[in-house]
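Structure record follows, encoded as structure tokens.
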Amino acid sequence: MKINVVIADDHRILREGLAAVLNAHGIRVIGQAGNGEEAILMARELKPDVVLMDLEMLDVDGVVATRVIKQHMPTIKILMLSSFDENEKVFEAMKAGASGYVVKRVSQEDLVKIIQACCRG
């Protein structure tokens with residue numbers, strides 16, 4: 139099963155690096171968003187299996203974007219990206235409908251496994 143992913147992060151270099159890693163592991167990156175508003179629009183338009191969403195972005199943050207996406211597109215899985223193990227916003231994002239969260243220092247292999255597991259339910 140091909141997994142389609144949108145990456146939402148306000149750091150372009152991180153988005154591009156994640157896209158290269160995921161594409162190399164057979165996960166198709168179909169969109170890259172620089173903020174939460176773009177992530178919402180891409181989720182509506184592209185209907186990915188998973189949105190890999192940075193927790194803290196300018197303008198619309200990951201928590202708000204998660205809430206909106208899950209309200210209108212409940213089948214899309216959302217994995218939060220955070221630089222911190224514990225963050226009040228991580229818990230807010232989980233309440234908003236995120237399927238899980240990943241700390242940015244995760245290995246490539248573990249990230250791929252987490253995305254695959256997320257898609258399996």
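Residue numbers (our numbering): 139 to 259. Yeah, the Cβ is synthetic: ideal placement off N, Cα and C, and Gly gets one too. Predicted, not measured: the structure shown is a model, and the values here were computed from it.
ask   = Is the distance from the Cβ of ASP147 to the Cβ of ASP187 below 9 Å?
value = By one-based count along the sequence shown, residue 147 stands at place 9. By one-based count along the sequence shown, residue 187 stands at place 49. Between ASP147 and ASP187, the C-beta gap is not smaller than 9 Å, which leaves the two residues out of contact.
ask   = Mind checking whether VAL159 and ILE178 have CB atoms under 9 Å apart?
value = One-based indexing of the sequence shown puts residue 159 at position 21. One-based indexing of the sequence shown puts residue 178 at position 40. The answer is no: Cβ separation not under 9 Å.
ask   = Do you know offhand how far GLY172's Cα is from GLY200's?
value = Within the sequence shown, residue 172 is the residue found at index 34, counting from 1. Within the sequence shown, residue 200 is the residue found at index 62, counting from 1. Rounded to the nearest angstrom, the two C-alpha atoms are 11 Å apart.
inquiry  = Restricting to runs no shorter than 4 residues, where is the alpha helix (DSSP H) found entirely within the stretch 207 to 233?
reply    = No alpha helix (DSSP H) of 4 residues or more sits fully in the stretch 207 to 233.
key: Three-state secondary structure assigned by DSSP to ARG166   = If you number the sequence shown from 1, residue 166 lands on position 28. The DSSP-derived three-state label of ARG166 is strand.
message = Suppose the cutoff is 8 Å on Cβ atoms and the five residues either side in sequence are ignored; what does the same chain contact list for LEU217 look like?
response = Here residue 217 refers to the residue found at position 79 when the sequence shown is read from its first residue. Once the five neighbours on either side are set aside, the close Cβ partners of LEU217 are VAL188, VAL189, LEU190, MET191, ALA236, SER237, GLY238, TYR239, VAL240, ILE252, ILE253 and CYS256.
ask   = From the DSSP output, which residues share a beta bridge with ALA146?
value = Residue 146 sits at position 8 when you count from the first residue of the sequence shown. As a beta-bridge residue in DSSP terms, ALA146 pairs with ALA171 and MET191.
task = Return the first residue and the last residue of the beta strand (DSSP E) that VAL241 is part of.
result = On the sequence shown, position 103 is the one that residue 241 refers to. From DSSP, the beta strand (DSSP E) with VAL241 extends over 238 to 241.
message = For LEU196, count the other beta carbons within 10 Å of its own beta carbon; 16 or more makes it buried, fewer makes it exposed. Which is it?
response = For this step, residue 196 is matched to residue 58 along the sequence shown. LEU196 is exposed by the Cβ-count criterion.
Cβ shell of LEU184 (< 8 Å), same chain only, five flanking positions each side left out = Along the sequence shown, read from residue 1 onward, the residue named residue 184 stands at position 46. Around LEU184: ASN142, VAL144, ILE168 and GLY169.
task = Buried or exposed for SER220, please, with buried defined as at least 16 other CB atoms from any protein chain shown within 10 angstroms of its CB.
result = Within the sequence shown, residue 220 is the residue found at index 82, counting from 1. Flag for SER220 reads buried.
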